[in-house]
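Peer 1:
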Amino acid sequence: QLQNPRLSNWDWLFWTGRRRELLVARWLADQLLPASIILVEPSRDNSLVPMPKQERSLTVAPMAQSQLSPKAPLVDQTVNWTMNRTMVKLQSGLSNLSGVPLELDILQVEKRAELLGLVFQTFEELVEDLRLSQVTLEQLPQKQQLILKDLWEASVTDFFGKYYTLYTENTQLEVVTILLGNYPIVKKAILDKIPLVIDLLGHRLFDSSLTIDNVSYPAHTPEAIQRSEFILDNLIIQIANGVIQPLLNQLADVEIIKVNFYHKNLMSSREIARFRNNLSWRYRQYQLFGEPQAIFESRYDLFILTDTGIKQTSIYAPRRRELEQLGGFQLAVTLAYELRDALSPRLQAAVTWIGNGVVYLLTQVFGRSIGLVVRGVIQGIGSSVQEARFGKNSGRGK
Numbered sequence: 003q004l005q006n007p008r009l010s011n012w013d014w015l016f017w018t019g020r021r022r023e024l025l026v027a028r029w030l031a032d033q034l035l036p037a038s039i040i041l042v043e044p045s046r047d048n049s050l051v052p053m054p055k056q057e058r059s060l061t062v063a064p065m066a067q068s069q070l071s072p073k074a075p076l077v078d079q080t081v082n083w084t085m086n087r088t089m090v091k092l093q094s095g096l097s098n099l100s101g102v103p104l105e106l107d108i109l110q111v112e113k114r115a116e117l118l119g120l121v122f123q124t125f126e127e128l129v130e131d132l133r134l135s136q137v138t139l140e141q142l143p144q145k146q147q148l149i150l151k152d153l154w155e156a157s158v159t160d161f162f163g164k165y166y167t168l169y170t171e172n173t174q175l176e177v178v179t180i181l182l183g184n185y186p187i188v189k190k191a192i193l194d195k196i197p198l199v200i201d202l203l204g205h206r207l208f209d210s211s212l213t214i215d216n217v218s219y220p221a222h223t224p225e226a227i228q229r230s231e232f233i234l235d236n237l238i239i240q241i242a243n244g245v246i247q248p249l250l251n252q253l254a255d256v257e258i259i260k261v262n263f264y265h266k267n268l269m270s271s272r273e274i275a276r277f278r279n280n281l282s283w284r285y286r287q288y289q290l291f292g293e294p295q296a297i298f299e300s301r302y303d304l305f306i307l308t309d310t311g312i313k314q315t316s317i318y319a320p321r322r323r324e325l326e327q328l329g330g331f332q333l334a335v336t337l338a339y340e341l342r343d344a345l346s347p348r349l350q351a352a353v354t355w356i357g358n359g360v361v362y363l364l365t366q367v368f369g370r371s372i373g374l375v376v377r378g379v380i381q382g383i384g385s386s387v388q389e390a391r392f393g394k395n396s397g398r399g400k
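The sequence shown begins at 3 in this note's numbering and counts up by one.
#1: Thinking F232 and T315 are a contact (beta carbons under 8 Å), I'd like their distance in whole angstroms, please.
#2: Determine the direct distance from the alpha carbon of W355 to that of I196, and round the result to whole angstroms.
#3: Buried or exposed: where does S271 fall if 16 or more other Cβ atoms within 10 Å of its Cβ makes it buried?
#4: So does the stretch 165-184 actually touch the stretch 120-135, counting three or more Cβ pairs closer than 8 Å?
#5: Is it right to say Y302 is buried, meaning 16 or more other beta carbons lie within 10 angstroms of its own, or is it exposed?
#6: Who are the Cβ neighbours of P36 in its own chain at under 6 Å, not counting the five residues just before and after it?
#7: Would you give the residue range spanned by the beta strand (DSSP E) that F305 belongs to?
#8: Using the rule of at least 16 other Cβ atoms within 10 Å of the residue's Cβ for burial, across every protein chain shown, is I238 buried or exposed?
#9: Would you list the residues sitting across from N98 in a DSSP beta bridge?
#10: Cβ of L325 within 8 Å of Cβ of F298?
#11: According to DSSP, simplified to helix, strand and coil, what is P44?
#12: Name the two residues that bound the continuous alpha helix (DSSP H) containing L249.
#13: Under 8 Å, with one C-beta from each stretch per pair, do the stretch 109-126 and the stretch 233-252 reach the 3-pair mark?
#14: Taking its Cβ as the centre, do 16 or more other Cβ atoms sit within 10 Å of A74, making it buried, or is it exposed?
#15: Might you give, ordered along the chain, the residues of its own chain that have their beta carbon closer than 8 Å to the beta carbon of L202, omitting 5 neighbours on each side?
#16: Please classify V158 as buried or exposed, where buried requires at least 16 other C-beta atoms within 10 Å of its C-beta.
#17: Where do the ends of the alpha helix (DSSP H) carrying E140 lie?
#18: Look at the alpha carbon of I187 and the alpha carbon of Q252, and state the distance between them as a whole number of angstroms.
#19: For P220, count neighbouring Cβ atoms within 10 angstroms of its own Cβ and tell me buried if that reaches 16, exposed if not.
#20: Excluding the five sequence neighbours on either side, which residues of its own chain have a C-beta within less than 8 Å of the C-beta of D255, listed in chain order?
#21: Which whole-angstrom value describes the C-beta separation of L128 and S210, a residue pair presumed to lie in contact below a C-beta threshold of 8 Å?
#22: Cutting at 7 Å between CB atoms, please list the residues of its own chain near R20, excluding the five before and the five after it.
#23: For chain C, is any of its Cβ atoms less than 8 Å away from the one on E324?
#24: For E126, which residues of its own chain have a beta-carbon under 8 Å away from its beta-carbon, when the five flanking residues on both sides are left out?
#25: Using only alpha-carbon positions, find the residue among L148, Q93, V217, K260 that is nearest to I456.
#26: Which whole-angstrom value describes the C-beta separation of F263 and L109, a residue pair presumed to lie in contact below a C-beta threshold of 8 Å?
#27: Starting from the Cα of Q327, find the closest Cα among P294, P347, A351 and give me that residue.
#28: Grouping DSSP H, G and I as helix and E and B as strand, with all else coil, what is V2?
#29: Identify, in the order they occur along the chain, each residue of the same chain with its Cβ nearer than 6 Å to the Cβ of L307, setting aside the five sequence neighbours on each side.
#30: Where does W154 land, buried or exposed, given buried means 16+ other C-beta within 10 angstroms?
#31: Could you check what DSSP says for A37 in three-state terms: helix, strand or coil?
Written out as structure tokens, the structure reads:
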């Protein structure tokens, strides 16, 4: 039903909700129902009933695989649970509720869901490749840039198509080649800013514990699962932004691109220019003010997927090394925040003291003085009234 282009908005929302309910029900059934177990009764006489070679190979292969895999069954269930939750969220509302402009906002709703799902699938394939390559935990920091580059390149290629070509007037544009040529810009603006990638890969590949608020949590604990889910959501969203950023830089106003990918409200040249300017201002503001403030406050701002859309949350993380490497205007921003924190309580106390002094002067000094003056005036008026009455009474007596 969802593939029917003639569906009304209400029908589309209804069937989307039904699909989401079915996915959740299937996930609950997989978690609650016991796995099928086949018990093979051992033969009393092995010499009379030999085991076929094919069955022996099928029995030994899973055992060898479980021995080589570094994951325990409990953690396998945890990973499957996280994957299912992410898939459900990717099929729900993907509206940007963070208040921060994202490159994804320009895409049609269907294209946005397709891109995020594609990045998620590519990441899972990359994790499996790393597991088969027997990469050690110590090697992950050295390979982080290469891993993110491979993930970004594969996402760009799969989303647009390796041989996607545009013909404009007398020119032929190889879209993927053009977009991949913007890797240095995407790396500096987005890929290098993605936090905690090593923690996520270590958690997925080696069941490493995650440190949350200076407390280490094992891989299967709810706290570690939620933290890894946040990191994964942010990774997926940022890689998807990195896929669209070079498109906006190089092919933003190409008509066929606008028709195939852009939201209907963002197709005019004016709206595209405004959208790009908002993104540019956001990156500049974050680089000058947001990033040094986040480093100084020892936190990361993550974009996460929820049942209602994309939101932003903050998590604590030590960033002392990055703070020591700040320089120039970013360092000046942190010093300004430090100066404000140092002076703010004193200024507040001084303002409070001055305010109390002003109140005292107005109430105790000026108030009493004004009260005495008013009292004197009232007494004078009272005396005049009494004298006037006395004069009238005297006149009547005569």
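Glycine residues also receive a C-beta, built at the ideal position from the N, C-alpha and C atoms.
Peer 2: This is what the structure holds:
#1: Residue 232 sits at position 230 when you count from the first residue of the sequence shown. Residue 315 sits at position 313 when you count from the first residue of the sequence shown. Indeed, because the Cβ distance is near 7 Å, the residues count as touching under 8 Å.
#2: For the purposes of this step, residue 196 is identified with residue 194 of the sequence shown, where counting begins at 1. For the purposes of this step, residue 355 is identified with residue 353 of the sequence shown, where counting begins at 1. Rounded to the nearest angstrom, the two C-alpha atoms are 47 Å apart.
#3: Counted from its first residue, the sequence shown places residue 271 at position 269. Its Cβ having fewer than 16 others within 10 Å, S271 is exposed.
#4: no
#5: Position 300 of the sequence shown, counting from 1, holds the residue named residue 302. Result: buried.
#6: Along the sequence shown, read from residue 1 onward, the residue named residue 36 stands at position 34. The predicted position of P36 is uncertain, since its pLDDT is 49 and thus under 50; no value can be drawn from it.
#7: As a first step, residue 305 is located in the sequence shown; it is residue number 303 there, counting from the start. Segment 301-307, the beta strand (DSSP E) holding F305.
#8: For this step, residue 238 is matched to residue 236 along the sequence shown. That one is buried.
#9: In the sequence shown, counting from the first residue as 1, residue 98 sits at position 96. In DSSP, N98 forms a bridge with I312.
#10: Numbered from its first residue, the sequence shown carries residue 325 at position 323. Numbered from its first residue, the sequence shown carries residue 298 at position 296. Contact: yes.
#11: Reading the sequence shown from its first residue, position 42 is the one you call residue 44. Annotation note: pLDDT 40 at P44 (below 50); position unreliable, coordinate value reported separately. Looking at P44 - three-state DSSP - the assignment turns out to be coil, as it is neither helix nor strand.
#12: As a position in the sequence shown, residue 249 is number 247, starting the count at 1. From DSSP, the alpha helix (DSSP H) with L249 extends over 224-252.
#13: yes
#14: On the sequence shown, residue 74 is found 72 positions in, with the first residue counted as 1. Confidence is the limiting factor: at A74 the pLDDT is only 46, short of 50, which leaves the residue's position unreliable and the question unanswerable from this model.
#15: By one-based count along the sequence shown, residue 202 stands at place 200. Only S230, I233, L234, L237 meet the Cβ criterion.
#16: Position 156 of the sequence shown, counted from the start, is the residue given in the question as residue 158. Classification of V158: buried, given that the 10 Å Cβ count is 16 or more.
#17: Looking up residue 140 in the sequence shown gives position 138. For E140, there is no enclosing alpha helix (DSSP H), since its DSSP letter is neither H nor E.
#18: Counted from its first residue, the sequence shown places residue 187 at position 185. Counted from its first residue, the sequence shown places residue 252 at position 250. Using only the alpha carbons, I get a separation of about 12 Å.
#19: By one-based count along the sequence shown, residue 220 stands at place 218. With fewer than 16 Cβ atoms within 10 Å of its Cβ, P220 is classed as exposed.
#20: The residue you call residue 255 lines up with position 253 of the sequence shown. These residues qualify, in order along the chain: S271, I274.
#21: In the sequence shown, residue 128 corresponds to position 126, counting from 1. In the sequence shown, residue 210 corresponds to position 208, counting from 1. No, L128 and S210 are not in contact; Cβ-Cβ is about 17 Å, not under 8 Å.
#22: Position 18 of the sequence shown, counted from the start, is the residue given in the question as residue 20. Cβ neighbours of R20 beyond the five flanking positions: none.
#23: Protein chains in the displayed structure number just one, and chain C is not present.
#24: Locating residue 126 in the sequence shown gives position 124, counting from the first residue. M85, listed in sequence order.
#25: Lying outside 3 to 400, the shown extent of the chain, residue 456 is not represented and no answer is given.
#26: Translated into positions along the sequence shown, residue 263 becomes position 261. Translated into positions along the sequence shown, residue 109 becomes position 107. Going by Cβ atoms, the distance from F263 to L109 rounds to 6 Å, so yes, they are a contact pair.
#27: For the purposes of this step, residue 327 is taken as residue 325 along the sequence shown, with counting starting at 1. It is P294 whose Cα lies nearest to the Cα of Q327.
#28: Coverage of the chain is limited to positions 3 through 400, which leaves residue 2 absent and any answer about it impossible.
#29: Reading the sequence shown from its first residue, position 305 is the one you call residue 307. Counting only Cβ-Cβ distances below 6 Å, and skipping sequence neighbours, we find K91, D235.
#30: Looking up residue 154 in the sequence shown gives position 152. The residue in question, W154, is buried, as its Cβ has 16 or more Cβ neighbours within 10 Å.
#31: Reading the sequence shown from its first residue, position 35 is the one you call residue 37. Model confidence at A37 stands at a pLDDT of 43, short of 50, so the residue's coordinates are unreliable; what they give is reported in the following sentence. Correct three-state label for A37: coil.
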